[in-house]
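Okay, so here's the structure we're looking at.
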Amino acid sequence: MITIRINNESHQLDVTDDMPLLWVLRDILGLTGTKYGCGVAQCGACTIHIDGIPTRACQLPVSLIGDRHITTIEAIGNTREGARIQAVWLQNQVIQCGYCQSGQIMAATALLRDNPNPTDDDIDDAMSGNICRCGTYVRIREAIHQAANNA
Amino acid sequence: MRKPRDIGAILNRRAFFRGTLAFGGGMLLSGMIPGLPGAQADTKGVFIPNAFIRIDRSGGITLIMRHAEMGQGIYTGIAMLIAEELEVDLEQVTLEAAPADPSRYTDSAAGEEVTGGSASTRDSWLPLRQAGAAARIMLVAAAASRWNVPPESCAAQHGQIIHVPTGRTLSYGDLAEEAALQKVPEKIILKDPSTFRLIGTSPQRLDTKPKSNGTAIFGMDVRVPGMKIGRIMASPIQRGRLISYDSVAARAIPGVVDIITLQDVIAVIGDHSWAAIKGLEAANPQWDSGPHAAVSTKTLMDDLRRASDRTGLVAKNTGDVDAALAACSHRIDAVYELPFLAHAALEPINTTLHIRPNGADVWVGTQVPVRARQEVANATGLPPEKIAIHNHVIGGGFGRRLDSGSIGQAARLAKQMPYPVKLFWTREEDIQQDQFRPFYYDRISAGLNKQGRIAAWKHRTTGSYVTARWAPEGLQNGLDTDTVDGAVETPYDIPVQRNESVQCEPEGLTTLWWRGVGPTHNVFVVESMMDELAHLAENDPLDFRRSMLGHSPRGLKVLNEAARKSGWGTPLPSGHGRGIALHYSFQTWAATVLEVQVTDDNAIRLVRADTAVDCGPVVFPDAVRAQIQGGLIFGLTMALYNEITVTNGRVDQSNFHDYRMMRINEAPDIRVHLVPDLSADIGGIGEVGTVAAAPALANAIFAATGHRLRKIPFLSQMAGKSA
Ligand code: FES
Ligand code: FES
């Protein structure tokens, strides 16, 4: 049995040590907002926060998490920066197909919390691990700047 | 994604509208309304005036979406069309995906229930406003009869009927039962565009809030009680067979419950995806290599090159092009090459099915629900009406989900399982088992007259005919018109022109539509060649184009607008260059100017793009901008980075490390300038942005470096050149 804390709830899991957190979230706990895009830490669709740090859930064996705290897209709106990013995402109509956007929002939330006034270079650094096949990058950049200005 | 067999139908239908209806005024129609089956009296008192609207007694207003939402914003655009005439607010409606039902949801211009060809808004523009208006007229009639007043004294607004003289109101829910008993109107007068409340505005999209908080359910996210999850792997070489696998090792993986095979496919089923992934690795399937093991990019290229020496089917022939070319003092003869491409939508292929002896449920995201249902029927022997297709929002389409073969494959596997199962492809499977955008090998020759204008133009394309597989009845005397779309009708005045098309199918690969289809292919060739000729004529690429746009005033307008907004002609830092491309695709005019910087080590930086667009009447301006921005990045990604190659029958690429996607740090600033001609026919938009990307980029790189790139992808072409 492995115990992990996700979105302020404790879960007892009967899974193998090597199971990536991604599949625990999606298949065991039904938290399907975190997406599978590549499985090899290339696309960022599976981004979650571990103690606030954006992390690729597809490459994270569940047994390595220990008592660190996981936040997923389903609960990121409970944080000040998460709610802010979600709001500017909608205002700027960033989202197209949406499949990458859980990961984009998780990455942007972490950026905004660490750096309330990111430059374009800061945005590139923080967001370039997240692929958007629909090409929403122009608006992602605008939305992050807007979130910073009005924070 | 446009089906050639439909082009005639689309054009005929539009010609009919042009001839009989004026956009500027109210539209009067009599007789049959396309797409509007009669009202269905429902015992429960639900008002279902047609296939697209359902209003229940409690006031719930449901709009049924026959087009798939894959990011293009079509759910919102279509809801705006219906709600405009139904006189409801977008906040009042709930959206529902249409089932597979050709009798109710066939797109009459396309000839089937399909989302593609940048046609959804165009094909809904009239019929879905009519659907909303018909329902509104019936609601008004119901209220008028309840109050015993003339219908003309009643008005509809915000989901209510108001009796204007007295101010009395009834909600649509209150009227549902009686409205269902009203006659479906034969004459429908649509609103004058000057009174539109919604069309032409940019409301909050209706599909995006759930996509911002993890609650949207894509096909990949479907969870059904008792469901197992399976990973599929097909033979890495087409028509190879599964010869062995390690069942013991696979079943030793915790959570593995089943191994299911077909002749050329294996699926390992588990309690969760991880068991399925690990189980398939442990199964270590072995394949015989089948008949295509010797295929490689080189053999495919040799086939294409050889085929391109043949005279092709003639798509256009005005004048004696060889004589005209021979008379030109200045001419260019060139070969352009465009690679095989994967779609690489971020949501990999997946299908969830529950197949029972007497029926089936299928949860999937598809652009072709009726084809999907037929695939399942063929696989299971069930009658189609016993198969329910539950369509979902799609994590990127780009043409991939116009094919339903993966759903048939899933059904052939799932029918061997008594329980519901989600069957998915890994990213690697999604890239390697894709159906690819064809490789095109284009020979083109063009010459100039003494005034430096084009005197003769000869263009022969060689490649796969997607239509021959996807809609063979759409071939026109054997010609796949998609292969010459954007090549036959250029924006320019060209006195002597010949277009030919040679079919050459790639051994061991299947081809499919890909965002921008024919125009993405041909506009690269045409607009690159225009640039080459401008330089040959020692003319400015903008002025060269302007001098030959006599029959394309809307083309001239977008070209001038893009040039003006981009600062065309103003000085740039050294190493920078601007490229321009103009095209008419999907009934939309667009011009793009792209500025690039090429550094001393041949790195390419995309600085900025300006696109001017005239797509006729604009339903949802912000979605138009978003589609141009995203479409351009999609095309630039391909132009810079992407090609699918083959070695020993197997696709070489497998994931985003070797099939590279543009990232935010590589994307340019993109500005979209709308210059719509409101009196024109409505144009498509979802694929328009992609079309101009490669030629604008090639022309910009030429402007910056003097290197002409005639082969995609550019990055590997740039390597080895010195700036
Ligand atoms: S799925 Fe984890 S980075 Fe792509
Ligand atoms: S919105 Fe579709 S992949 Fe980003």
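Protein chains in written order, with numbering that gives the first Met the number 0: chain G, 0 to 150; chain R, 0 to 722.
From the three backbone atoms N, C-alpha and C, an ideal C-beta is built for every residue, glycine too.
It should be emphasised that the depicted structure is a prediction, and the values quoted were computed from it without experimental measurement.
With distances taken Cα to Cα, identify the nearest neighbour of residue i among the options.
i, options, result
"CYS133(G)", "VAL690(R), ASP173(R), ALA344(R), SER193(R)", "ALA344(R)"
"ILE63(R)", "ALA82(R), GLY70(R), GLN415(R)", "ALA82(R)"
"ARG83(G)", "PRO19(G), GLN145(G), VAL14(G)", "GLN145(G)"
"THR33(G)", "THR71(G), ASP13(G), ILE3(G)", "THR71(G)"
"ALA413(R)", "ARG355(R), VAL247(R), LEU605(R), SER551(R)", "ARG355(R)"
"GLU659(R)", "ALA589(R), ASN647(R), ILE643(R)", "This sequence places Arg at residue 659(R); Glu is not what is there. The shortest C-alpha separation from ARG659(R) is found at ILE643(R)."
"THR729(R)", "ARG145(R), ALA179(R), ASP651(R), GLY485(R)", "The structure shown does not extend to residue 729(R), since chain R spans only 0 to 722, so no value can be given for it."
"ILE228(R)", "TRP273(R), VAL687(R), ILE711(R)", "TRP273(R)"
"ALA99(R)", "PRO150(R), MET661(R), PRO383(R), ARG545(R)", "PRO383(R)"
"THR510(R)", "GLY462(R), LEU478(R), LEU535(R), ARG545(R)", "GLY462(R)"
"PRO368(R)", "LEU180(R), VAL113(R), MET547(R)", "VAL113(R)"
"THR214(R)", "GLN11(G), GLY65(G), ARG25(G)", "ARG25(G)"
"LEU548(R)", "GLN181(R), ALA292(R), PRO494(R)", "PRO494(R)"
"ALA132(R)", "PRO101(R), ARG452(R), GLU185(R)", "GLU185(R)"
"ASP119(G)", "CYS45(G), GLY51(G), VAL61(G), ALA147(G)", "ALA147(G)"
"HIS291(R)", "GLU531(R), LEU508(R), ALA233(R)", "LEU508(R)"
"ASN116(G)", "GLU80(G), ALA86(G), ILE49(G), GLY97(G)", "GLU80(G)"
"VAL183(R)", "ALA702(R), ALA143(R), MET137(R), ILE252(R)", "MET137(R)"
Indicate whether residue i and residue j have their beta-carbon atoms separated by less than 8 Å.
i, j, result
"ALA695(R)", "HIS582(R)", "no"
"PRO471(R)", "GLY554(R)", "no"
"GLU177(R)", "ARG56(R)", "no"
"THR135(G)", "ILE94(G)", "yes"
"ILE669(R)", "VAL597(R)", "no"
"ARG135(R)", "GLU95(R)", "no"
"LYS385(R)", "GLY358(R)", "yes"
"THR350(R)", "LEU422(R)", "yes"
"GLU68(R)", "ILE393(R)", "yes"
"ASP257(R)", "LEU241(R)", "no"
"SER243(R)", "GLY648(R)", "no"
"ALA693(R)", "ALA611(R)", "no"
"MET126(G)", "ALA109(G)", "no"
"GLN58(G)", "ALA625(R)", "no"
"PRO437(R)", "PHE543(R)", "no"
"HIS66(R)", "ILE54(R)", "no"
"PRO620(R)", "SER201(R)", "yes"
"VAL514(R)", "GLU686(R)", "For the record, residue 514(R) in the displayed sequence is Arg; it is not Val. The answer is yes: Cβ separation under 8 Å."
"GLN181(R)", "ALA154(R)", "no"
"ARG121(R)", "ALA50(R)", "no"
"ILE64(G)", "LEU20(G)", "yes"
"LEU558(R)", "ALA590(R)", "yes"
"ALA378(R)", "ARG411(R)", "yes"
Taking the beta strand (DSSP E) that residue i falls in, what are its first and last residues?
i, result
"GLY446(R)", "439-447"
"THR93(R)", "92-96"
"ALA718(R)", "That residue, ALA718(R), is in no beta strand (DSSP E); it is neither H nor E in DSSP."
"PHE46(R)", "46-49"
"GLY358(R)", "358-363"
"TRP804(R)", "There is no way to answer for residue 804(R), as the model of chain R reaches only from 0 to 722."
"GLN156(R)", "153-156"
"PHE543(R)", "That residue, PHE543(R), is in no beta strand (DSSP E); its alpha helix (DSSP H) goes 540-545."
"THR75(R)", "Unbroken run through THR75(R) is the alpha helix (DSSP H), 73-85; no beta strand (DSSP E)."
"PRO150(R)", "Neither: PRO150(R) is in no beta strand (DSSP E) and is coded neither H nor E."
"HIS353(R)", "349-355"
Starting from residue i, trace the alpha helix (DSSP H) both ways and give me its first and last residue.
i, result
"GLN408(R)", "404-413"
"PRO518(R)", "516-535"
"ALA107(G)", "100-113"
"PRO53(G)", "Taken as a continuous stretch (DSSP letters only), PRO53(G) belongs to no alpha helix (DSSP H), being part of the beta strand (DSSP E) at 52-55."
"ASN77(G)", "Taken as a continuous stretch (DSSP letters only), ASN77(G) belongs to no alpha helix (DSSP H), as it is neither H nor E."
Practice task
Can you list the residues near ligand 2, meaning Cβ strictly closer than 6 Å to any non-hydrogen atom, in the order they appear in the chain?
Solution key: ILE94(G), GLN95(G), CYS96(G), GLY97(G), TYR98(G), CYS99(G), GLN100(G), CYS131(G), ARG132(G), CYS133(G), THR135(G), GLY70(R), LEU345(R), GLY395(R)
Problem - Below 6 Å from a heavy atom of ligand 1 - residues by beta-carbon - result: TYR35(G), GLY36(G), CYS37(G), GLY38(G), ALA40(G), GLN41(G), CYS42(G), GLY43(G), ALA44(G), CYS45(G), ARG55(G), CYS57(G)
Problem - Inter-stretch contact (C-beta, 8 Å, three-pair minimum) for the stretch 495-505 of chain R and the stretch 327-336 of chain R - result: no
Handout entry: Touching by the beta-carbon criterion (3+ pairs, under 8 Å), the stretch 209-221 of chain R and the stretch 360-377 of chain R
Key = yes
Practice task
Decide yes or no for the touch test of the stretch 414-433 of chain R against the stretch 494-501 of chain R: beta carbon pairs closer than 8 Å, at least 3 of them.
Solution key: no
Practice task
Report yes or no: do the stretch 244-256 of chain R and the stretch 427-437 of chain R share at least 3 C-beta pairs separated by less than 8 Å?
Solution key: no
Exercise for the section: Would you check if there are 3 or more beta carbon pairs closer than 8 Å linking the stretch 577-591 of chain R to the stretch 511-530 of chain R? Expected result: yes
Practice task
May I ask you to verify whether the stretch 232-239 of chain R touches the stretch 192-199 of chain R, counting CB pairs closer than 8 Å and requiring at least 3?
Solution key: no
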